[in-house]
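Residue numbers (this note's numbering): 1417 to 1616.
Below, the structure written as structure tokens:
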């Protein structure tokens, strides 16, 4: 049971398939353009850890992590350690969370967010390639290009900002373990949040 929250949220969480891509396999390469018009591929970041974070500013689950400052703090912490952090916006045209480059840059500035880049994936190509289910949905890729974690950002599938404190953050766990040369204990979890608003 998910405490303190509605059956609709519980149903959304329960209806989401557990697995997208399988950890332990090579993460698929992609090409995307960011909010500044710069092209990015996964392969150009070989040799670095990469975080892919699916985002939608209109989603209350995403708002939980941004309005609290949690997502921004994670971005700042990990990019300062050399991790490449790519926020991916796969909302289709006319869908909640679809952003123009100017709108996304203004939002990042307003939130004091600091991803390496925000990829505008309005056609859903990257999202479908990774089978991204929710906002947020997190993928962590190691320097060899291998997927080492996919799923929820933490173990509190709610929209309550107060639940961030004391949550077990799977993103942190994966990066801390991998960077220390330890196996990632939890490699896959069920992502929670709003469904990605694909155009199709």
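Glycine included, each C-beta is placed from N, C-alpha and C at the ideal position.
According to the neighbour-count rule (16 or more other Cβ atoms, all chains shown, within 10 Å of its Cβ), is residue i buried or exposed?
i	result
residue 1596	exposed
residue 1506	buried
residue 1598	exposed
residue 1496	exposed
residue 1538	buried
residue 1609	buried
residue 1498	exposed
residue 1594	buried
residue 1514	buried
residue 1459	exposed
Between residue i and residue j, is the Cβ-Cβ spacing less than 7 Å?
i	j	result
residue 1491	residue 1530	yes
residue 1520	residue 1534	yes
residue 1600	residue 1565	yes
residue 1474	residue 1512	yes
residue 1466	residue 1569	no
residue 1471	residue 1503	yes
residue 1484	residue 1554	no
residue 1444	residue 1545	yes
residue 1571	residue 1590	no
residue 1561	residue 1607	no
State the DSSP-derived secondary structure class of residue i, mapped to helix, strand or coil.
i	result
residue 1538	coil
residue 1545	helix
residue 1462	coil
residue 1443	coil
residue 1615	coil
residue 1453	coil
With a cut-off of 8 Å on the beta carbons, I'd call residue i and residue j a contact; round off their distance for me.
i	j	result
residue 1447	residue 1455	6 Å
residue 1563	residue 1476	Actually they do not touch by this definition, with Cβ atoms about 27 Å apart.
residue 1449	residue 1524	Actually they do not touch by this definition, with Cβ atoms about 15 Å apart.
residue 1469	residue 1494	Residue 1469 to residue 1494, Cβ: 10 Å. No contact.
- If you scan the region 1550–1609 from start to end, which runs of the beta strand (DSSP E) of 3 or more residues do you find wholly inside it? Those beta strand (DSSP E) runs which fall completely within the region 1550–1609 and span 3+ residues are 1554–1557, 1563–1567.
- Sequence ranges, alpha helix (DSSP H) only - wholly within the region 1464–1549, length at least 4: Those alpha helix (DSSP H) runs which fall completely within the region 1464–1549 and span 4+ residues are 1476–1483, 1486–1495, 1517–1527, 1541–1546.
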